[in-house]
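Enquirer:
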Amino acid sequence: MARIPATALRGFVARGPRITTAAFRQTGLYYSTMRAARYWGKEDIRIEQIPIPALAPAFVGICGTDLHEYMGGPNFCPTTPHGVTGETIPVTLGHEFSGIITEIGSDVKGFEIGQPCTVQPTIFCGHCVACAAHAENVCHDGGFVGLSGGGGGLSEAVCVSATHVFPLPQNLTLEMGALVEPIAVSWHAVSAAPEIGADTVALVLGGGPIGLAAILCLKAKGVKNIIVSEVATSRQNFARQFGASAIVNPATEDVKQLILDATNGKGADVVFDCAGVPASIKSACEAVKTKGTVVNVAIWEKEIPFNPNLITFKESVYKSVLGYDRKDYEAVIENMRIGAIEAEQMITRKIKLENIVEDGIKTLINDKNNHVKILVDINDK
Amino acid sequence: MRALRYHGPGDLRLEHGIPEPCCSKTQVKVRPAFVGICGTDLHEYSTPTFIPDQKNTHPVTGESRPVIIGHEMAGTIVEIGADINNKSIKVGDRVSVRPTVCCFTCPSCEEGHYSCCATPGFLGLSGGGGGLSDYICVESDFVHKLPDTIGLDIGALVEPLATCWRAVVRSGIKNGDDVLVFGAGPIGLGVIQCCKAQGANNIIVAEVAVERRRLAKEFGATLVFNPLESDIVRETKKATHREQGADASFDCAGLEATLKAACLATRPRGVIVNVAIWEKPIEFNPNLLVFGERVFYSVLGYDKNDFEGVLNAIESGALKPGSMITRKISIDRVVEDGFRALIEEKDKHVKIQIDLLK
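As given, the protein sequences belong to chains P and W, one line each in that order. Count along the first sequence from 1, add 54, and you get the number used in the numbering used here. Count along the second sequence from 1, add 78, and you get the number used in the numbering used here.
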């Protein structure tokens with residue numbers, strides 16, 4: 055898909071000059087009201103009627119980040135005007151979403167009304183050094199549609215930059231479209247490791263949604279030896295089902311020793327930390343081979359004890375990744391299209407928007423081990 | 079022969095009549111000429127860390143205290159084994175010694191990563207002899223011939239510079255990149271020189287001691303700041319292209335505050351290289367790396383390429399490290415004129431060398 059310059063995006067919200075809700079309302083794009091799940095603060099998500107923009111979400115995944123905002127936020131959700139959207143809470147939630155195009159800006163080409171699509175929810179300023187280098191995911195003022203203002207998937211309509219809309223291939227359902235975002239996170243992480251290939255020994259720490267998606271991405275990249283470290287039995291089962299070649303329980307087994315035994319004492323070529331706890335960073339550094347790569351895919355809540363000597367003694371690399379870029383989206387969609395990534399097994403429940411707190415967020419908090427991805431079906435009223 | 083041996087904390091003895099080591103078939107025997115004193119030597123003098131005690135003999139050398147000290151050394155070959163690998167070496171050659179001790183059999187060694195051996199060590203700390211003696215025997219692959227233009231005293235600077243060279247190579251900096259260096263002790267000053275040799279544009283240095291800031295400028299720093307007085311993160315951003323931050327930051331200080339500042343002052347997708355050894359875990363939030371997708375490297379020691387890189391850079395004039403040597407002393411005055419000077423007048427000194435022919 056050709057890249058459409060930002061200036062051509064009249065009628066689309068998610069980037070460019072700071073458009074406040076008030077200013078945007080003056081443009082006349084809001085012509086009616088709609089249902090939306092809006093985040094007002096810790097443990098306060100309200101289903102409200104708000105003015106409508108112009109693209110209709112169909113399925114929206116609930117992410118760990120949403121849970122963090124609910125339980126202990128606001129973290130990402132802005133309490134002072136966001137550098138790009140200019141918005142503060144309340145903001146509409148939902149950043150993992152697919153939908154149907156309902157309206158197209160006058161200067162946008164290559165899309166059709168009624169087209170099913172998925173959205174890369176990256177918000178970026180477009181003019182900083184990172185953006186100039188096409189590293190929009192590390193834009194200093196960056197954010198996400200569905201967290202930082204600019205609307206969100208958990209509503210009946212959202213306006214996004216056409217540059218960040220990906221039409222779904224015919225054989226991909228809208229449910230699968232909503233899974234592209236979390237899988238793109240893992241694809242981006244897996245792509246950060248130079249060692250990936252058929253003979254790679256990969257260790258994935260944590261069998262939550264991102265860890266499980268990492269298994270799918272590693273498999274798609276031809277990796278056969280995928281060892282997953284996870285405490286919860288049900289998540290271990292998911293990991294096996296998703297394609298892990300071996301499972302380690304870090305609560306009862308010595309991860310480092312098991313990896314060394316499995317690799318003739320060498321260590322894993324690459325370790326993905328999808329757990330983000332003090333024990334996992336240590337385990338990752340100990341289990342990786344000399345000169346290997348540790349990829350951190352976790353967002354951390356606070357400072358942790360860390361000894362840089364853990365990296366020194368193996369001269370390993372500790373890389374951190376954040377989000378994804380356009381290439382990751384394209385690769386994930388293509389791998390889903392050809393069946394190399396079998397994503398639908400991630401969906402463990404579909405719920406109504408009105409029930410998002412009880413059936414979605416609270417279920418993921420209280421019964422997290424039995425769920426991978428809960429999708430909100432916006433059209434199920 | 080003479081040797082300066084470490085018997086325990088605060089107990090260094092110059093001893094005579096120590097048996098001269100025998101050169102095995104694969105080794106060469108070197109007569110050390112100059113040996114530099116390293117921060118590690120000072121640290122070991124008060125708090126033994128690397129030097130094995132009687133309960134924990136080193137797994138490769140099988141030795142424990144007393145051990146001969148001195149690991150930054152250059153000297154002359156006096157004997158060669160019958161079956162050495164390195165056929166280009168002959169008696170009379172002047173060489174710099176790479177003092178890596180390793181097992182040659184663990185998975186890291188099998189892949190040639192000797193400095194990451196599972197049972198690592200250094201000559202002059204872990205047994206196997208040391209530079210502060212009349213003779214030392216080393217594997218022939220671990221000596222690097224000095225070009226005619228490089229003196230033996232400069233040859234003894236190659237070891238500390240190789241550590242710095244490795245850090246700068248690992249960072250992947252390119253001609254014109256901006257770098258930030260924390261700490262202008264001997265390693266920091268070496269990193270500054272290696273960055274300059276690699277074509278760095280801005281070399282920004284954070285150092286508390288005024289005399290060391292002066293030395294930093296002398297060795298190639300373009301901007302120096304006292305981090306107690308200036309906001310190093312803001313100053314670094316101000317000095318770099320569109321205030322993006324440094325392309326690479328080198329932590330040669332090894333403090334919680336320097337590692338954090340290094341992360342914050344490095345541009346998105348930039349690189350942080352740790353060149354310090356840490357005494358204990360610190361409180362660190364990996365989000366400092368996450369938001370910006372920064373990469374964290376850490377280096378340890380050096381390999382053959384690093385020694386050759388440094389020697390080539392000195393020969394070509396890209397590195398001019400001579401003025402790092404601030405004093406030359408004799409082997410019977412190591413504690414008095416060496417260690418004490420480095421502790422009590424540390425701002426004045428960079429590298430104190432022992433001249434074994436003195």
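All residues carry an ideal CB built from backbone N, CA and C; glycine is no exception. If you're wondering where the values come from, they're calculated on a predicted model, not measured in any experiment.
1. Can you list the residues of chain W that W354/P reaches, using a CB-CB cut of under 8 angstroms?
2. Determine the DSSP secondary structure at I392/P, reduced to helix, strand or coil.
3. For V169/W, count neighbouring Cβ atoms within 10 angstroms of its own Cβ and tell me buried if that reaches 16, exposed if not.
4. Assuming contact is defined by CB atoms lying nearer than 7 angstroms, are P135/P and T146/P in contact in what I supplied?
5. Check whether the segment 152–160 of chain W touches the segment 193–201 of chain W, taking contact to mean three or more Cβ pairs, one atom from each stretch, closer than 8 angstroms.
6. Beta-carbon of P111/P versus every beta-carbon of chain W: anything under 7 angstroms?
7. Could you pull the DSSP bridge partners for R109/W from this structure?
8. Would you call L306/W buried or exposed, if buried means 16 or more other Cβ atoms sit within 10 Å of its Cβ?
9. At a CB distance below 9 angstroms, what residues from the segment 184–204 of chain P approach chain W? Give them in sequence order.
10. How would you write the range of the alpha helix (DSSP H) that T344/P sits in, first residue to last?
11. Tell me whether R79/P is buried or exposed, calling it buried when 16 or more other Cβ atoms sit within 10 Å of its Cβ.
12. Check whether the Cβ of N280/W lies closer than 7 angstroms to any Cβ atom in chain P.
13. Distance check for G200/P and D161/P, CA to CA, integer angstroms please.
14. Here's the rule: buried if 16 or more other CB atoms are within 10 angstroms of the residue's CB, otherwise exposed. What is D89/W?
15. Would you report the Cα separation of K381/P and G153/P, rounded to the nearest angstrom?
16. Relative to the C-alpha of C213/P, which candidate in D195/P, W241/P and F151/P has its C-alpha closest?
17. Which partner residues does T344/W have in the DSSP bridge list?
18. Determine the extent of the alpha helix (DSSP H) in which P185/W is found, giving its start and end residues.
19. Check whether the segment 364–384 of chain W touches the segment 368–386 of chain P, counting contact only when three or more Cβ pairs, one atom from each stretch, lie closer than 8 angstroms.
20. Here's a check: name, in chain order, each residue in its chain whose Cβ is nearer than 8 angstroms to the Cβ of I421/W, leaving out the five neighbours to either side.
21. Start and end of the alpha helix (DSSP H) containing P263/P?
22. Can you name, in chain order, every residue of its own chain whose Cβ lies under 8 angstroms from the Cβ of E289/W, other than the five neighbours on each side?
23. Sorted by chain position, which residues of the same chain lie with C-beta nearer than 8 angstroms to E122/W's C-beta, five sequence neighbours on each side aside?
24. Going residue by residue through the segment 170–206 of chain P, where are the continuous alpha helix (DSSP H) segments of at least 4 residues, counting only ones entirely within it?
25. Is the segment 227–234 of chain W in contact with the segment 353–371 of chain W, if contact means three or more CB pairs nearer than 8 angstroms?
26. Classify M125/P as buried or exposed, calling it buried when 16 or more other Cβ atoms lie within 10 Å of its own Cβ.
27. Against chain W, which members of the segment 305–320 of chain P pass a CB distance test of less than 7 angstroms?
28. Rounded to whole angstroms, what's the CA-CA distance from R109/W to Y213/W? Just pull it up for me.
29. Should W356/W be flagged as near chain P, meaning a C-beta pair shorter than 7 angstroms?
30. Identify, in the order they occur along the chain, each residue of the same chain with its Cβ nearer than 8 angstroms to the Cβ of E384/P, setting aside the five sequence neighbours on each side.
31. Name the two residues that bound the continuous beta strand (DSSP E) containing L396/W.
32. Any residues in the segment 361–378 of chain P with a beta carbon nearer than 7 angstroms to a beta carbon of chain W? Which ones, in chain order?
33. So for C339/P, helix, strand or coil by DSSP?
34. Taking CB distances under 7 angstroms as the criterion, tell me whether Y123/W reaches chain P.
35. Pick out whichever of C194/W, D433/W, P185/W and A339/W has its Cα sitting closest to the Cα of G261/W.
36. For the putative contact between V388/W and V236/W, defined by C-beta atoms under 8 angstroms, what is the C-beta separation to the nearest angstrom?
Expert: Quick answer:
1. Within chain W, the residues whose beta carbon sits less than 8 angstroms from that of W354/P are N363, P364, N365 and V368, listed in sequence order.
2. Looking at I392/P - three-state DSSP - the assignment turns out to be coil, as it is neither helix nor strand.
3. The residue is exposed, with fewer than 16 neighbouring Cβ atoms inside 10 Å.
4. Pairing P135/P with T146/P gives a Cβ-Cβ distance that is not under 7 angstroms.
5. The answer is no - the segment 193–201 of chain W does not touch the segment 152–160 of chain W, with fewer than three Cβ pairs under 8 angstroms.
6. It does not; no Cβ of chain W falls within 7 angstroms.
7. DSSP output for R109/W lists T154/W as bridge partner(s).
8. Burial call: exposed.
9. Listed in sequence order: A184, A186, A187, A189, N191, V192, C193, H194 and G196.
10. Unbroken run through T344/P is the beta strand (DSSP E), V342 to N350; no alpha helix (DSSP H).
11. Confidence at R79/P is low in this model, with a pLDDT of 37, below 50, so the placement of that residue should be treated as unreliable; the coordinate-derived value is given next. Sixteen is the threshold: since fewer than 16 other Cβ atoms of the shown chains lie within 10 Å of the Cβ of R79/P, the residue is exposed.
12. Closer than 7 angstroms: no.
13. Cα-Cα distance, rounded: 25 angstroms.
14. With fewer than 16 other Cβ atoms inside 10 Å of its own Cβ, D89/W counts as exposed.
15. Roughly 20 angstroms between the two C-alpha positions.
16. Selected option, being the one with the closest Cα: F151/P.
17. T344/W has A324/W as its beta-bridge partners, per DSSP.
18. Per DSSP, the continuous alpha helix (DSSP H) segment holding P185/W begins and ends at P185 to E188.
19. Result yes; three or more Cβ-Cβ pairs closer than 8 angstroms.
20. Residues L120 of the same chain have their beta carbon placed closer than 8 angstroms to that of I421/W, with the five preceding and five following residues left out of the count.
21. P263 to A274 is the span of the alpha helix (DSSP H), which, as asked, contains P263/P.
22. If we look at E289/W and ignore the five residues flanking it on each side, its Cβ neighbours are D425 and K426.
23. Within the same chain, E122/W has close Cβ partners Y84, F128, I129, I147 and L203.
24. As far as the segment 170–206 of chain P is concerned, its whole alpha helix (DSSP H) runs of at least 4 residues are 183–186.
25. Judged by pairs of C-beta atoms under 8 angstroms, the segment 227–234 of chain W does not touch the segment 353–371 of chain W, as fewer than three such pairs exist.
26. Exposed is the label assigned to M125/P, since fewer than 16 other Cβ atoms lie within 10 Å of its Cβ.
27. Answer in chain order: N318, G319 and K320.
28. Approximately 5 angstroms between the Cα atoms of the pair.
29. So yes, W356/W belongs to the interface.
30. F220.
31. The sequence shown places Ala at residue 396/W, not Leu. Premise fails: A396/W is in no beta strand (DSSP E) and is neither H nor E.
32. Those would be N361, P362, N363, I365, T366, F367, K368, E369, V371, Y372, K373, S374, V375 and L376, in chain order.
33. In the structure shown, C339/P sits in a helix (DSSP, three-state: H, G or I).
34. With its beta carbon at least 7 angstroms from every one in chain P, Y123/W lies outside the interface.
35. With distances taken between Cα atoms, G261/W lies closest to A339/W.
36. Between the beta-carbon of V388/W and that of V236/W there is about 5 angstroms, and that keeps the pair under the 8 angstroms contact cut.
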